[in-house]
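Residue numbers (this note's numbering): 11 to 277.
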């Protein structure tokens, strides 16, 4: 029979395998993904048995900053119309400027006698990048018009974060330093933008953008607790190229996420 900690790790790795985009695609794939999410939810609820004193459950609310880095990430772009009078698209929506988003998660972690931490965090996040629109092509002619506005890429993720680390005691305050993988399963990506020309005419863009389904990141966390309440901060460094498969020129854009939030220990 598996110990509680081993059971949690077994559920984590089983679920991650089923969520991986390179896992074999079959007619049962949607069922496999649903099963993976159920396994992750079950893992969050494990560990309340014989060694309950060494397990902690918590809920988190976070604000996020997200932007792209790499040669293809830009601070300025333009809106192009397909033809005069239509909705357009952003020439390069992969903004190097951070946009503000939010998230919520549940966390289950084990604290050993030596203050070593093993845990899993899972939840939902909406991330936003930003690029400034300084030009507009109105759909006809050869002249780009000066404009001002911005575009956000709005990305909805189910986020899963297995981690390990160590707890440090500072009187009434405890400090958790942890790191691990940050696995973002993309649900939807929408481009939303606008630009206003010098004559007051407003141009908009609102369209779905296809992106890689899984964004794998390396993540570091620092969480300070006072009794049941904590303040959490983290940084996640994306490894997945969002412009993978594009043709022509240099195509590299990787995401990065900053998080700041509050934590409340449930158990």
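Ideal Cβ positions, reconstructed from N, Cα and C, are used throughout, including at glycine.
All figures in this text were calculated on a predicted structure; none of them were measured in a lab.
Judged by beta-carbon spacing, residue 97 lies beyond the 8 Å limit of residue 206, meaning their Cβ atoms are not closer than that value. Straight-line measurement puts the Cα of residue 144 at about 6 Å from the Cα of residue 156. In the three-state reduction of the DSSP assignment, residue 64 falls in the helix class. Excluding the 5 residues flanking it on each side, residue 174 has same chain C-beta neighbours closer than 8 Å at 126, 127, 128, 129, 188, 189, 190, in chain order. For the 8 Å CB-CB criterion, residue 161 and residue 141 form a contact.
Closest by C-alpha distance to residue 124, out of 177, 256, 243, is 177. For the pair residue 186 and residue 240, the Cα-to-Cα distance works out to about 10 Å.
Short of 8 Å from the beta carbon of residue 235, and not among the five residues preceding or following it, lie these beta carbons of its own chain, in chain order: 183, 184, 185, 186, 273, 275. Residue 156 is bridged by DSSP to 145. DSSP places residue 257 in the coil class of the three-state scheme, outside both helix and strand. If you check the CB distance, residue 213 and residue 91 come in under 8 Å. Judged by DSSP in its simplified three-state form, residue 211 adopts coil rather than helix or strand. Around the beta carbon of residue 118, a 10 Å sphere encloses 16 or more other beta carbons of the protein chains shown; the residue is thus reported as buried. Per DSSP, reduced to three states, the secondary structure at residue 262 is coil, with no helix or strand assignment.
Beyond the five residues adjoining it in sequence on each side, residue 198 comes within less than 6 Å, by CB distance, of 166 in the same chain, given in chain order. Short of 6 Å from the beta carbon of residue 228, and not among the five residues preceding or following it, lie these beta carbons of its own chain, in chain order: 247. Counting along the chain, residue 229 sits inside the beta strand (DSSP E) bounded by residues 224-236.
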